[in-house]
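Data block below; observations after.
Numbering (our numbering), first residue to last: 361 to 626.
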């Protein structure tokens, strides 16, 4: 019992009318606050519950999509001696120390990774000092289907909306990941393309295609960062997504492997 009103007391017309017009949490609280009796609260609760079910049905479905490659021993790498061959070996064993530990040998640009300005700029910003809001936030997907060795020029940017400071370039070239063609025959992002992105204030460029040293110099030289070797972008249905690209926080180095995800429906 509450306020002398039993649980079977009918809800007044004004309360029902208010509850059936609920548009948000503030209105929900107001309806419940205006119900002096337990019976009225129960009735209001049922109405509110039905509205919440409707809201859930209208809300977009949130999808989290991993666009990074798995790290494993002997994984595909840039074919140059300064790029380390990844090696993962067991160090501690259950028999010896009652748990397992591993030694992981990898390079700063192994697999999916973030490039810091230091990668090409002497005394440039290292990866541990990149502003996190450059790597995390809303992003625009540019879908530009590219053929082997095709140039992706300034016109590709001019013809598309650049309304976010984070750009994800989806060329479909990730289908060639872990093959010789990935580097040998890759589409070429031009210097003009990179310059226009910088002019438009882009702070992070994410790509499924290798970038030339000249493009590295333009993008990283502007203080922007890069995320290379992402895969599976065709799983992403929306052109507006939420990007999370967090490199390992390794002090004073030029880049680091990263787990990169995009979130749809936020």
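Cβ coordinates follow ideal geometry from the N, Cα and C atoms, glycine included. As the structure is a computational prediction, the values presented were derived from the model and not from experiment.
For residue 504, write down the residues that DSSP places opposite it in a beta bridge.
Answer is none; residue 504 lacks a bridge partner.
Can you check whether the CB of residue 472 is closer than 7 Å to the CB of residue 444?
no
To the nearest angstrom, how far is it from the Cα of residue 626 to the Cα of residue 422?
6 Å
List the DSSP bridge partners of residue 617.
473
Could you work out which residue in 558, 552, 508 and 591 is closest to residue 541 when comparing CA atoms only?
508
Ignore the nearest five residues each way along the sequence and tell me which others in residue 560's own chain have a CB closer than 8 Å to its CB.
517 and 522
Closest Cα partner of residue 606 within the set 599, 496 and 531
496
Considering only C-alpha positions, which residue in the set 597, 583 and 536 is nearest to residue 494?
583
So the beta strand (DSSP E) residue 588 belongs to, where does it begin and stop?
585 to 588
Residue closest to residue 500, alpha-carbon to alpha-carbon, out of 487, 484, 525 and 410:
525
Pick from 555, 612 and 492 that is closest to residue 604, judged by C-alpha positions
492
Rounded straight-line distance, which links the Cα of residue 466 to that of residue 520
37 Å
Under three-state DSSP, which class holds residue 538?
coil
Would DSSP call residue 594 helix, strand or coil?
helix
Between the CA atoms of residue 451 and residue 647 - distance to the nearest angstrom:
Not covered by the structure: residue 647. The range shown for the chain is 361 to 626.
Taking Cβ positions, are residue 615 and residue 475 nearer each other than 7 Å?
yes
Buried or exposed: residue 544, going by 16 or more other Cβ atoms within 10 Å of its Cβ?
exposed
Rounded C-alpha distance that separates residue 426 from residue 589:
12 Å
When burial is assigned at 16 or more other CB atoms within 10 Å of the CB, is residue 547 buried or exposed?
buried
Here's a check: name, in chain order, each residue in its chain whose Cβ is nearer than 6 Å to the Cβ of residue 482, leaving out the five neighbours to either side.
none
Within a Cβ cutoff of 6 Å, which residues of the same chain sit near residue 570, ignoring the five residues on either side of it in sequence?
543 and 546
If residue 558 sits next to residue 578, beta carbons under 8 Å apart, how far is it from one beta carbon to the other, in whole angstroms?
6 Å
Roughly how many whole angstroms lie between the Cα atoms of residue 554 and residue 624?
26 Å
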